Amino acid sequence: MKLILQYLRRHIGIFLLSTMFLTLEATADLLQPTFMSFIVDHGVVHSDIRKILFYGMIMLLIAFAGAFSAVMRNRFASRTSQTIGKEMRQDMYHNVQQLSLENIDRLQPASVITRITNDVSQVQELINSIMRMMVKAPITCVGAIVLILIQTPKQAPVMLGIMIAVTILILANMKVGYPRFGMVQRKLDKLNGVTREFLSAVRVVKAFNAEDEETEKFDKASAELAKANVAALHAASYFSPLINLTVNFGIVLLLWISKDQNSSEIGKLMASVNYMTQVLFAVTMISNVINVAVRAMASSGRIQEVLDEKPAQQFPTQPLRPDIQGEIVFENVSFAYAGAGKEALKEVSFTIHPGETVGIIGPTGSGKTTLVNLVPRLYDASSGRILIDGCDVTQIDETLLRNSIAVAAQKPLLFTGSIRDNLRWGKEDASDEEIRKAAQIACADDFIQKTENGYDTWLGQGGVNLSGGQKQRLSLARALVCNPRILVLDDCTSALDAQTEANVLNGLKKYAGSLTILLISQRVSTVMQTNRILCLEDGAVKGFGTHAQLMQNCELYKTIYQSQIGGEQHDR
Ligand code: ADP
Ligand code: MG
5 MKLILQYLRR HIGIFLLSTM FLTLEATADL LQPTFMSFIV DHGVVHSDIR KILFYGMIML
65 LIAFAGAFSA VMRNRFASRT SQTIGKEMRQ DMYHNVQQLS LENIDRLQPA SVITRITNDV
125 SQVQELINSI MRMMVKAPIT CVGAIVLILI QTPKQAPVML GIMIAVTILI LANMKVGYPR
185 FGMVQRKLDK LNGVTREFLS AVRVVKAFNA EDEETEKFDK ASAELAKANV AALHAASYFS
245 PLINLTVNFG IVLLLWISKD QNSSEIGKLM ASVNYMTQVL FAVTMISNVI NVAVRAMASS
305 GRIQEVLDEK PAQQFPTQPL RPDIQGEIVF ENVSFAYAGA GKEALKEVSF TIHPGETVGI
365 IGPTGSGKTT LVNLVPRLYD ASSGRILIDG CDVTQIDETL LRNSIAVAAQ KPLLFTGSIR
425 DNLRWGKEDA SDEEIRKAAQ IACADDFIQK TENGYDTWLG QGGVNLSGGQ KQRLSLARAL
485 VCNPRILVLD DCTSALDAQT EANVLNGLKK YAGSLTILLI SQRVSTVMQT NRILCLEDGA
545 VKGFGTHAQL MQNCELYKTI YQSQIGGEQH DR
């Protein structure tokens, strides 16, 4: 609730204006029955046509004023709620962008999406409802009651009884509804999670004929959401009819009490029944707003969580800006993913010299990707230090650090846009010449030229219209365009045929110069072409040296070598 107030405060002017129109509207509504009772008691009963016309005209004018106010407050309400929604979404997105991977892992991407879209909509609806009726309903309620009491004081106890009953009903509604609507949002998260996972892995799902399992997962999540919704709406469904019933019962009681009223006061009686109906209407509105509020409160808590999430990583306020040469030192580095039981890296130590090309090999899950991710600080080491040119990476300027290191990731991620846009991703002002040169080294130029629009060929989301090998080569070219000091290639030649891979590696060798390269590969034949090889198993270094050295003193390397060499040519 605090969150909603905080955003409303920024639009306090419009909010007050709309409150003013609401008050006007409520007053107009309240005046109508009184003038009607004048028409009846002074006009109709005495057959005075002039009085009927006079009060009739006044009623018409009031009706116009009421209608005008209604239009205005609706417009203000829509505008304000939409603006606040926009601001909330932007603030959330902005904060999410500041977060490190560890935060995102914890919040879960699917849930962040639900929060930015659905939860914000709930809050928007609340603001809209509040601005449409918040002031009006209480004014109508209180005003109508006061007017009834003035005109027909005998009815006071009945009124009081009804109001107490209605208040109890509204409070009960809140108590029952709140936890249930929170549950609905959590189930929605889950459904979005399942859908997202399926869509991002749709090729694998189809290839393994796993549609049935996925459908089952989806059906389950969908059924759970429906169940949570039904539970929440069921709870709400009792209250509004109960409130109606209570107020209608009150109207009957009022009429009963007034049954022996003086016939000259028939107009007053009509007015008080009319007021009672207004009270009913206002109370229904209030209970509706409260229903919306209950949902929005659950949502605003979830929005607050995203806004409050503090980046897990700290960057130095007075960062170092070394002239990066490319020496990389790991000192007793251990790392565990948040929530994972075991460490992904254990006491890893090594030194890589500037300009060296180092191969990294090891079984899947041995920590190769994790190790290279620590260098540009995608994650921070749990213990130990990582030094670049003698500077602790946590002390180096973030922009400098990330600009000096380019990564061609294991799973190449491309964005919607032209090939040129994608290659320019890491360096906005790269010339066509630079882009072409990078593409040539990555052996991507040939296939790009063969596409219909060359470098202007449009890529779908994630580069769906490319083959795995083409995506890898584009991702490599993109890394080269950055013109980094340290180049990380995470198994980014795995989808290439032997000849193309050899061409890429040769190109890189010529291009490398003083560049430090970390080359991850599953293939011995690939890492054999590097200066030195780091051999990893279960997050620990099993050997570090040249091919010849490792063949002598690293059992793991020897095993991998023997299992691959010979079979090597066939398994591509
Ligand atoms: P490799 O690249 O050698 O195949 P990784 O570095 O990707 O290995 O993974 C090392 C270990 O860390 C594995 O056990 C893997 O399950 C785990 N791991 C990788 N990424 C994450 C993550 N985001 N959250 C939790 N555990 C992870
Ligand atoms: Mg990996």
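Converting from the sequence shown to the numbering used here requires adding 4 to each position, the first position being numbered 1. Quick reminder that beta carbons are idealized off the backbone N, C-alpha and C, glycines included. Note that the coordinates shown come from a computational prediction; the quantities given were computed from them, not determined experimentally.
Within its own chain, the residues whose Cβ lies closer than 6 Å to the Cβ of ARG200, once the five positions on either side in sequence are excluded, are ALA114, listed in chain order. C-alpha of TYR182 to C-alpha of MET301: approximately 8 Å in a straight line. The Cβ atoms of LYS346 and LEU540 lie no closer than 8 Å to each other. Annotation for ALA348 indicates a beta carbon within 7 Å of some heavy atom of ligand 1.
In this structure, DSSP gives GLU456 a state outside helix and strand, which the three-state scheme calls coil. Assignment of ILE328 by DSSP, reduced to helix, strand and coil, places it in the coil class.
The Cβ neighbour count for HIS15, taken over all protein chains shown within 10 Å, is at least 16; the residue is labelled buried.
For ILE537, the enclosing beta strand (DSSP E) covers residues 536–541. The stretch 201–213 makes no contact with the stretch 283–292, as fewer than three CB pairs between them are under 8 Å. Exclusion of GLN476 from the 7 Å shell around ligand 2 follows from its C-beta lying no nearer than that to any non-hydrogen atom of the ligand. Counting other Cβ atoms within 10 Å of its Cβ, LYS158 stays below 16 and is therefore classed as exposed. Counting C-beta atoms within 10 angstroms of its own C-beta, SER525 has 16 or more neighbours from the protein chains shown and is therefore classed as buried. Residue pairing from DSSP leaves CYS496 without any beta-bridge partner. A distance criterion of 7 Å places the beta-carbon of TYR561 beyond contact range of ligand 1, judged by its closest non-hydrogen atom.
Counting other Cβ atoms within 10 Å of its Cβ, PHE419 stays below 16 and is therefore classed as exposed. By the neighbour-count criterion, in which 16 or more other beta carbons inside 10 Å mark a residue as buried, THR403 falls on the exposed side.
Under the three-state reduction of DSSP output, ASN336 falls in the strand class.
Minimum Cα-Cα distance from GLU220 among the listed residues SER304, LYS231, PHE202, SER422 corresponds to PHE202.
In this chain, the alpha helix (DSSP H) harbouring GLU218 covers 215–261. Taking 7 Å as the cut-off, the C-beta of THR144 does not count as close to any heavy atom of ligand 1.
As far as DSSP is concerned, THR27 takes part in no beta bridge. Taken atom to atom, the span from the alpha-carbon of ASN510 to that of ASP449 is near 15 Å. Boundaries of the alpha helix (DSSP H) harbouring THR199: 160–204, taken from the DSSP string. Leaving aside the five residues that flank THR38 on each side, the residues in its chain whose CB is nearer than 7 Å to its CB run, in chain order, LEU151, ALA275. Closest by C-alpha distance to ALA413, out of LEU175, ASP495, ILE445, GLY421, is ASP495. The residue among LEU103, PHE25, TRP260 with its C-alpha nearest the C-alpha of PRO315 is LEU103.
If you measure from each CB to the nearest heavy atom of ligand 1, the residues under 6 Å come out as ASP109, TYR341, ALA344, ALA348, GLY366, THR368, GLY369, SER370, GLY371, LYS372, THR373, THR374. With respect to the C-alpha of ILE521, the residue from THR504, ASP542, ASN487 having the closest C-alpha is ASN487. PRO416 sits buried, since 16 or more C-beta atoms from the chains shown fall within 10 Å of its C-beta. Burial of GLN128 is indicated by the presence of at least 16 other C-beta atoms within 10 angstroms of its C-beta.
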